[in-house]
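*Asks:* My structure is below; once you've seen it, I'll send some questions.
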Amino acid sequence: MAGGGGAGVPEVPVVLLPVAIDDGTLDACLAALDAGTPAGTRVWLADDAQAGPRGLAIIERWLDRTPLRAEYTRRPRPLGEVAHLDEALAACGDADVIVLAPDAVPGPGWAQQLAACAARDGAIATATPWCNAGETAAWPDCGEVGPQPAGADLARLARAAGGMSPVHPELPAAIDHAVFIRGRARARAGGLDAASYASRYAALIDLSLRMAGLGWRNVLCETAFVARGGEGGPAEGDLDALAARWPAWPPRLARFLMQDPARGLRSALARRLDGVDPPSQHELFAS
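Residue numbers for the sequence shown, in the working numbering: 6 to 292.
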């Protein structure tokens, strides 16, 4: 089940948030979820025995007051971030899911835009929004980490992105700050490979490449923006494992970063942002 649907509007899939150790980023992420996600959207906080006492208090307080249909689960002992995420995705069956990094701060409308992106093309397996630290989906500069927008700046970026014409160009692979994953494609390609990769970053790349090999698409959702303090990254040995399994992927990624085929869309978002007024007080504090 999901929330945010209406006549002619795609329902928002389940938002899956792996809980991390950092209490501050968790608090900011949960606050942004409340502010920018339709009431009633199902959110699953999946804790691989990571949250400490303060994190547990933050989660308990948030669960008591959130307008989202939130659930929280906690393992008695850590399984590992890839195996834990794979377990959670498997529990969702063939349902579509949006995986949100625990240190991400989604902008207003982010989940609706990802759902709409996926609804436009049934061949889309993954859709990744813009991010200030999003590698191939980075804005304003491809492959560069920009300052993290917050408050009014993030709201303006989200509004500017929401007004973009939906093109949804191909990306080399999914990126882990936030990603829509089509359940049917994931089920056909199999789960995450916890035996080969230790990071969500690498395991999601591998999954998206397997789905692409089956004819699905990994795209940029240029109508959504999710902020982050820094890029995700691989664990030790993950890049070697990716290169061994997908020898064409490293040079393809390098070409994308050097040539930046989405340069026109980055410039279009910058132009749109120039014409967007600061949000009203109601927009900033509505939940």
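Virtual Cβ for every residue (Gly too), placed ideally from N, Cα, C. Keep in mind that this is a model prediction, so the values were computed, not measured.
Indicate whether Val224 and Ile103 have their beta-carbon atoms separated by less than 8 Å.
*Replies:* One-based indexing of the sequence shown puts residue 224 at position 219. One-based indexing of the sequence shown puts residue 103 at position 98. No, Cβ-Cβ distance for Val224 and Ile103 is not below 8 Å.
*Asks:* Where Gly60 and Pro23 are concerned, what is the direct C-alpha to C-alpha distance, given to the nearest angstrom?
*Replies:* As a first step, residue 60 is located in the sequence shown; it is residue number 55 there, counting from the start. As a first step, residue 23 is located in the sequence shown; it is residue number 18 there, counting from the start. So the alpha carbons of these two residues sit roughly 13 Å apart.
*Asks:* Indicate whether His182 and Ala275 have their beta-carbon atoms separated by less than 8 Å.
*Replies:* Counting from 1 along the sequence shown, the entry for residue 182 is found at position 177. Counting from 1 along the sequence shown, the entry for residue 275 is found at position 270. No, the Cβ-Cβ distance between His182 and Ala275 is not below 8 Å.
*Asks:* Please report how far the alpha carbon of Phe290 lies from the alpha carbon of Ala166, in whole angstroms.
*Replies:* Against the sequence shown, residue 290 aligns to sequence position 285. Against the sequence shown, residue 166 aligns to sequence position 161. Here Phe290 scores only 47 on pLDDT, less than 50, and its place in the model is too uncertain to base an answer on.
*Asks:* So the beta strand (DSSP E) Val104 belongs to, where does it begin and stop?
*Replies:* As a position in the sequence shown, residue 104 is number 99, starting the count at 1. Its beta strand (DSSP E) spans residues Val102 to Leu105.
*Asks:* When the Cα atoms are used, what is the spatial distance from Leu247 to Arg205?
*Replies:* Position 242 of the sequence shown, counting from 1, holds the residue named residue 247. Position 200 of the sequence shown, counting from 1, holds the residue named residue 205. Roughly 13 Å separates the two Cα atoms.
*Asks:* Quick check on the burial criterion: 16 or more other C-beta atoms within 10 angstroms. Buried or exposed for Ser213?
*Replies:* Start at 1 with the first residue of the sequence shown, and residue 213 comes out as number 208. Answer is buried; the Cβ neighbour count reaches 16.
*Asks:* Under 8 Å between C-beta atoms, does Ala142 make it to chain C?
*Replies:* The chain inventory of the structure shown lacks chain C, comprising one protein chain alone.
*Asks:* Specify the secondary structure class of Leu84 as computed by DSSP and reduced to three states.
*Replies:* The residue given as residue 84 occupies position 79 in the sequence shown. If DSSP states are grouped into helix, strand and coil, Leu84 belongs with coil.
*Asks:* Could you give the DSSP three-state label for Trp5: helix, strand or coil?
*Replies:* What the structure shows of the chain is the stretch from 6 to 292, and residue 5 is not part of that stretch, so it cannot be assessed.
*Asks:* Could you spell out where the alpha helix (DSSP H) holding Trp67 opens and where it closes?
*Replies:* In the sequence shown, residue 67 corresponds to position 62, counting from 1. Element bounds for Trp67: Pro58 to Arg70.
*Asks:* What is the rounded straight-line gap between the Cα of Asp28 and the Cα of Pro152?
*Replies:* For the purposes of this step, residue 28 is taken as residue 23 along the sequence shown, with counting starting at 1. For the purposes of this step, residue 152 is taken as residue 147 along the sequence shown, with counting starting at 1. Rounded to whole angstroms, Asp28 to Pro152 spans 21 Å at the Cα level.
*Asks:* Could you pull out every residue in the same chain whose Cβ sits closer than 6 Å to the Cβ of Val48, ignoring the five residues on either side in sequence?
*Replies:* For this step, residue 48 is matched to residue 43 along the sequence shown. Closer than 6 Å at Cβ, skipping near neighbours: Val20, Leu73 and Ala75.
*Asks:* Applying the criterion that 16 or more other CB atoms from any shown protein chain within 10 Å of the CB defines a buried residue, is Met263 buried or exposed?
*Replies:* What you label residue 263 is simply residue 258 of the sequence shown in a count that begins at 1. Met263 comes out exposed.
*Asks:* Cα separation between Ala294 and Trp135?
*Replies:* One cannot answer for residue 294 here, as it falls past the ends of the chain, which runs 6 to 292.
*Asks:* Can you tell me which of Leu38, Ala95 and Ile186 puts its alpha carbon nearest to the alpha carbon of Ile210?
*Replies:* Against the sequence shown, residue 210 aligns to sequence position 205. The residue with the shortest Cα to Cα distance from Ile210 is Ile186.
*Asks:* With a threshold of 6 Å on Cβ separation, who are the neighbours of Ala123 within its own chain once the five nearest residues in sequence on each side are excluded?
*Replies:* Position 118 of the sequence shown, counted from the start, is the residue given in the question as residue 123. So the list reads Ile129, Ala132 and Phe185, once near-sequence residues are dropped.
*Asks:* I'd like to know if the region 152-161 and the region 108-122 are in contact, where contact means that at least 3 CB-CB pairs between them fall below 8 Å.
*Replies:* These segments touch.
*Asks:* Reducing DSSP to helix, strand and coil, say where Cys147 ends up.
*Replies:* As a first step, residue 147 must be located in the sequence shown, where it is residue number 142. The answer is coil: DSSP assigns Cys147 none of H, G, I, E or B.
*Asks:* Alpha carbon to alpha carbon, how far is Pro256 from Glu140? Give it in angstroms, no decimals.
*Replies:* Counting from 1 along the sequence shown, the entry for residue 140 is found at position 135. Counting from 1 along the sequence shown, the entry for residue 256 is found at position 251. Rounded to the nearest angstrom, the two C-alpha atoms are 15 Å apart.
*Asks:* Is it buried or exposed, Asp279, if we count other Cβ atoms within 10 angstroms and call 16 or more buried?
*Replies:* The residue given as residue 279 occupies position 274 in the sequence shown. Result: exposed.
*Asks:* Determine which residues share a DSSP beta bridge with Pro134 and list them.
*Replies:* For the purposes of this step, residue 134 is taken as the residue at position 129 of the sequence shown. Looking at the DSSP assignment, Pro134 forms a beta bridge with Cys226.
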